[in-house]
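In the numbering used here, the protein residues as written are 34 to 210.
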């Protein structure tokens with residue numbers, strides 16, 4: 034069960050600088066939890082594991098670029114492809130987004146949340162069934178006009194922010210269940 038503010042990111046691709054920025058943003062935003070939606074890609078730099086230990090409690094799924102070898106070398110547990118969590122009486126499903134995912138197949142419905150990465154492009158969208166889809170973008174390798182980004186999930190809204198200064202790019206009110 035998650036509570037409070039949740040910081041969401043993905044696609045760090047082994048960048049110590051991006052991980053440092055995400056951990057710092059988690060502190061500034063007073064996030065009680067950090068979700069990494071794949072492609073963490075830990076490298077050999079020992080600072081990577083140290084920074085992960087300084088993050089708030091973590092939920093991590095693996096992405097298409099995450100290898101068991103890299104996680105093993107870094108002495109970090111190899112994450113699963115899909116995880117489910119609860120937050121404010123909502124179901125949150127976390128997957129990287131590189132494989133086809135049908136929210137209804139997993140029982141997601143109005144007011145629930147699907148978190149992905151993979152595209153490196155931030156997204157906040159409520160689909161036809163009322164599921165909020167969140168992609169925080171990437172704090173390392175951006176593919177959008179917003180630059181390096183992350184997402185925040187707060188009690189009544191989701192928002193996308195720039196890593197550098199925390200400024201809000203766009204936000205979306207959460208719908209009732």
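For each residue, glycine too, the CB sits at the ideal point set by N, CA and C.
Please read all numbers here as calculations on a predicted model, not as lab measurements.
Check	Outcome
How many angstroms separate the CA atom of residue 99 from the CA atom of residue 167?	20 Å
Given a cut-off of 9 Å, decide if residue 128 and residue 169 are closer than it, judged by their beta-carbon atoms.	no
Only counting the same chain, and skipping five residues up and downstream in sequence, which positions put a Cβ closer than 6 Å to that of residue 101?	111
With a threshold of 16 other CB atoms inside 10 Å of the CB of residue 136, please say whether the residue is buried or exposed.	buried
Please give the ranges of any beta strand (DSSP E) in the stretch 134-166, keeping only runs that are unbroken, at least 3 residues long and fully inside the region.	146-149 and 156-159
Who are the near neighbours of residue 187 in its chain, counting only those whose CB is closer than 7 Å to its CB and skipping five residues on each side?	38
How about residue 235 and residue 42: do their beta carbons lie closer than 9 Å?	Since the displayed the chain opens at 34 and closes at 210, residue 235 lies outside it and no answer follows.
Who are the Cβ neighbours of residue 141 in its own chain at under 7 Å, not counting the five residues just before and after it?	124, 126, 147 and 164
Measuring straight from C-alpha to C-alpha, what distance separates residue 172 and residue 157?	16 Å
Mapping DSSP to helix, strand and coil, what is residue 55?	helix
In this structure, how does DSSP classify residue 61 when only helix, strand and coil are distinguished?	helix
Considering only residues of the same chain and omitting the five flanking positions on each side of residue 91, which have a CB-CB separation below 6 Å?	67
Excluding sequence positions up to five away, which residues of its chain have a Cβ less than 6 Å from the Cβ of residue 180?	195
Determine the direct distance from the alpha carbon of residue 50 to that of residue 113, and round the result to whole angstroms.	24 Å
Which of the three DSSP states, helix, strand or coil, is assigned to residue 196?	coil
Taking just the CA atoms, how far does residue 175 sit from residue 150?	12 Å
Can you name the start and end residues of the beta strand (DSSP E) that residue 117 belongs to?	115-120
Do you know whose CA, among 108, 193, 94 and 87, lies nearest residue 117's CA?	94
How big is the Cα-Cα spacing for residue 6 and residue 81?	In the structure as shown, the chain starts at 34 and stops at 210, and residue 6 therefore has no counterpart that could be examined.
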